[in-house]
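Asks: One structure follows; several queries about it will come next.
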Amino acid sequence: MSHLRKFLSFATVRFTTALLTKAFLTTALLITALSISTVLLAGCAQSDPNTPVSSANASPTTLYQALGGDSGVSDIVDGLLARIARDPRIVHHFDETDIAVFRERLIEHLCAVTDGGCVYQGENMADSHKGLNITQADFDALVGHLIESMKELHISTSTRNALLKRLAPMYSEVTYQ
Numbered sequence: 014m015s016h017l018r019k020f021l022s023f024a025t026v027r028f029t030t031a032l033l034t035k036a037f038l039t040t041a042l043l044i045t046a047l048s049i050s051t052v053l054l055a056g057c058a059q060s061d062p063n064t065p066v067s068s069a070n071a072s073p074t075t076l077y078q079a080l081g082g083d084s085g086v087s088d089i090v091d092g093l094l095a096r097i098a099r100d101p102r103i104v105h106h107f108d109e110t111d112i113a114v115f116r117e118r119l120i121e122h123l124c125a126v127t128d129g130g131c132v133y134q135g136e137n138m139a140d141s142h143k144g145l146n147i148t149q150a151d152f153d154a155l156v157g158h159l160i161e162s163m164k165e166l167h168i169s170t171s172t173r174n175a176l177l178k179r180l181a182p183m184y185s186e187v188t189y190q
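End of the sequence shown = 190 in my numbering, gap-free, step of one.
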């Protein structure tokens, strides 16, 4: 009997030790997982969804940079202007517009709106569109051309959407003026 008792005692100690070790490891893993998720959630809570995240591999830190900076915004505007020129639905709105000045102001405006560090020198949106009677269909056509210009330049969907989100509040200042 004493051998059986020693064996059971030994087996009980081994089993208890194994359970405690497993419980300790499970608790340690749980604490580690909670710590990691807390750090990740804290980082997410502080980020601005309109601003691309900066990382060690030099990702863009502003929407302006995500659009390609000076050359990217200029290319977007040039693509937009080429599309407007070919669109009989909206080109008439630009009949009395100095396109060179319009181009510079639009580049400047997009730079300012996307945190590129520019100061927009043009008229406010309501004044610059007064009397043009731009309809929702006209506005939508221009936005479609803007989207196509960005797609042609391989600008990501999230970056395109971030720009459109910043421009959308101007709808009421541009249409039906």
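Just so it is clear, CB atoms sit at the ideal spot from N, CA and C, and this is done for glycine as well. As the structure is a prediction and not an experimental result, all values here were calculated from the model.
(1) Identify which residue in D100, T110, I89 and D153 has its Cα closest to the Cα of C124.
(2) May I have the straight-line CA-CA distance separating H106 from D140, to the nearest angstrom?
(3) Just to confirm before moving on: does the CB-CB distance between G82 and L166 stay below 9 Å?
(4) Starting from the Cα of R179, find the closest Cα among R102, R99, Q190 and H122 and give me that residue.
(5) Using only CA atoms, which one of S169, V156 and G129 lies nearest to T188?
(6) Quick check on the DSSP output: the alpha helix (DSSP H) that includes L80 runs from which residue to which?
(7) How close, in whole Å, do the beta carbons of L93 and I112 come, if the pair is a contact with beta carbons under 8 Å?
Replies: In terms of the structure at hand:
(1) I89
(2) 15 Å
(3) no
(4) H122
(5) V156
(6) L80 -> no alpha helix (DSSP H), and no H or E assigned at all.
(7) Incorrect: roughly 11 Å between the Cβ atoms, too far for contact.
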